[in-house]
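**Student:** I am attaching a structure below and will ask some questions about it afterwards.
In the UniProt record's numbering, the protein residues as written are 1 to 425.
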């Protein structure tokens, strides 16, 4: 029984070996009466060795690995195809964007040319060109005119300063010679006084405040010496020369008239008129004065356009004081007129008196108004100055005097209309 079972087992093993290409093992037949037990044991021992089992497993693993490699190769191929298609798509999109960029660049250039007028029609282009160059030429002309005016101003200023310095030198050299022969009077400005007036506003007003009372003390002397009492009503102008040297001492202006105002009204109205309220250019009031009820001090600028078209100006500082008496009111003023621009260094000192008295002849008017003022040219300024400049300054001052007379007449009429004597109780 055991022998038959062993034989069957060996046959199955042999069949298995043939299938797996294992070495064939002789299988004892059932007809053999004796079995080689030792050979059978060796065969079983060989079949049971691990080497043979591992070899079988290795072969199975090789087959599985080969199958895995095939799958990996297919996946890699698909990835390469996908990457290639992606690169082609990106390349195509890049080329499309480049074409769009080129088209937009051309369109932008066209828009820029349109804005600059390079693609306008010839007629429009010509019109734009003419307008543009006309504006350029106008601006350049304005710049040139401004530069020329500034240059002329600087040249004039330098020339005036040079003449001014030269005048000072001449005056200083002549000072020692003239000091014994030319005595200063009330209408001639000496060197120290002129330098004091040129220093500042406060210096001018301080100097005038010191001598305003002395000027009032000369009122009767001035009117008597002017011969106004023997003159007819109206204005009179004269030039007075110094006894020594032959130079101009002062210009004298006289005026006499009768008015229908009462004495009180005339004094009140003329005090307002004397302050020239219509002169407002750069006007500044100096308040540090004594007796402010009867004293005013201010400065202003007088501007005028000459016949040649040039605009000139002078700076005028004024001090005015009112002296009230029983039957007479006297207003005394001092003006220092300082030339500017082309008139630089050309100054005048003015002293004026206005006397209001009841009229001695009621048929002519209720009050008599007498005016006398002297304009004294500063000696330093009149030396070696161009005659044309002196004439132009004189013309400016005379025109302002006429304007003051016209404005004063108009202001008196307005005051009379606002406060007529008949309306008073």
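Glycine is no exception: its CB is placed at the ideal position from the N, C-alpha and C atoms.
Count the C-beta pairs between the stretch 260-279 and the stretch 320-334 that are closer than 8 Å, then say yes if the count reaches three, no if not.
**Tutor:** yes
**Student:** Taking the alpha-carbon positions, what's the residue 404 to residue 161 distance?
**Tutor:** 31 Å
**Student:** So for residue 255, helix, strand or coil by DSSP?
**Tutor:** DSSP places residue 255 in strand when its eight states are reduced to three.
**Student:** Check whether the Cβ atoms of residue 215 and residue 351 sit closer than 9 Å, and answer yes or no.
**Tutor:** Taking the C-beta atoms as reference points, residue 351 is found nearer than 9 Å to residue 215.
**Student:** Which of the three DSSP states, helix, strand or coil, is assigned to residue 238?
**Tutor:** strand
**Student:** When the Cα of residue 301 is compared with those of 139, 320, 278 and 294, which residue comes out closest?
**Tutor:** 278
**Student:** How far does the alpha helix (DSSP H) with residue 202 in it reach, from first residue to last?
**Tutor:** Counted as a single uninterrupted DSSP element, the alpha helix (DSSP H) harbouring residue 202 occupies residues 201-217.
**Student:** For residue 377, which residues in the same chain have their Cβ closer than 7 Å to its Cβ, ignoring the five residues on either side in sequence?
**Tutor:** 248 and 348
**Student:** Quick one: any contact between the stretch 300-316 and the stretch 132-139, if contact means 3 or more CB pairs under 8 Å?
**Tutor:** Short answer: they don't touch.
**Student:** Thinking just about the alpha-carbon of each residue, which of 346, 401 and 360 is nearest to the one in residue 391?
**Tutor:** 346
**Student:** What are the boundary residues of the beta strand (DSSP E) that residue 268 is part of?
**Tutor:** Careful: residue 268 lies outside any beta strand (DSSP E), inside the alpha helix (DSSP H) at 263-274.
**Student:** Any idea if residue 90 is buried or exposed, counting beta-carbon neighbours within 10 angstroms, 16 or more meaning buried?
**Tutor:** Residue 90 should be labelled exposed.
**Student:** Cutting at 7 Å between CB atoms, please list the residues of its own chain near residue 240, excluding the five before and the five after it.
**Tutor:** 249, 250 and 252
**Student:** Any idea if residue 98 is buried or exposed, counting beta-carbon neighbours within 10 angstroms, 16 or more meaning buried?
**Tutor:** exposed
**Student:** Run through DSSP, which three-state label would residue 296 get?
**Tutor:** strand
**Student:** In whole angstroms, give me the CA-to-CA distance for residue 324 and residue 297.
**Tutor:** Looking at the backbone, the Cα of residue 324 and that of residue 297 are separated by about 18 Å.
**Student:** Going by other Cβ atoms of all chains shown within 10 Å of its Cβ, with 16 needed for buried, is residue 50 buried or exposed?
**Tutor:** In this prediction, residue 50 has a pLDDT of 47, which is less than 50 and means its spatial position is unreliable; what the coordinates show is noted afterwards. Under this definition residue 50 is an exposed residue.
**Student:** Quick check: residue 303 and residue 281, are their CB atoms within less than 9 Å of each other?
**Tutor:** yes
**Student:** Assuming residue 280 is part of the beta strand (DSSP E), what are its boundary residues?
**Tutor:** Looking at the DSSP string, residue 280 is not in any beta strand (DSSP E), and its letter there is neither H nor E.
**Student:** On the DSSP bridge assignment, give the partners of residue 372 in chain order.
**Tutor:** 254 and 353
**Student:** Grab the span of the beta strand (DSSP E) containing residue 378 for me, first residue to last.
**Tutor:** Per DSSP, residue 378 belongs to no beta strand (DSSP E) and is neither H nor E.
**Student:** Give the secondary structure of residue 92 by DSSP, where H, G and I count as helix, E and B as strand, and everything else as coil.
**Tutor:** helix
**Student:** Using the Cα positions of residue 100 and residue 144, report the straight-line distance between them to the nearest angstrom.
**Tutor:** 51 Å
**Student:** Mind checking residue 237: buried by the 16 CB within 10 Å criterion, or exposed?
**Tutor:** Under this definition residue 237 is an exposed residue.
**Student:** Over what stretch of residues does the beta strand (DSSP E) that includes residue 228 continue unbroken?
**Tutor:** Segment: none, residue 228 is in no beta strand (DSSP E) and carries neither H nor E.
**Student:** Under 6 Å Cβ to Cβ from residue 258, same chain only, skipping five residues before and after it: list those, please.
**Tutor:** 359, 364, 365 and 368
**Student:** Identify whether residue 338 lies in helix, strand or coil by the three-state DSSP scheme.
**Tutor:** strand
**Student:** Quick check on the burial criterion: 16 or more other C-beta atoms within 10 angstroms. Buried or exposed for residue 370?
**Tutor:** buried
**Student:** In whole angstroms, what is the alpha-carbon distance linking residue 320 and residue 227?
**Tutor:** Taking the straight line joining both Cα atoms gives about 24 Å.
**Student:** Given this structure, state the Cα-to-Cα distance separating residue 231 from residue 355, to the nearest angstrom.
**Tutor:** Spanning the two alpha carbons is a distance of roughly 16 Å.
**Student:** Suppose you measure from the CA of residue 233 to the CA of residue 149; what does that come to, to the nearest Å?
**Tutor:** Distance between the alpha carbons of residue 233 and residue 149: 47 Å.
**Student:** Quick one: residues in its chain with C-beta nearer than 6 Å to the C-beta of residue 459, no 5 flanking neighbours on either side, listed in chain order?
**Tutor:** The structure shown does not extend to residue 459, since the chain is modelled only from 1 to 425, so the question has no answer here.
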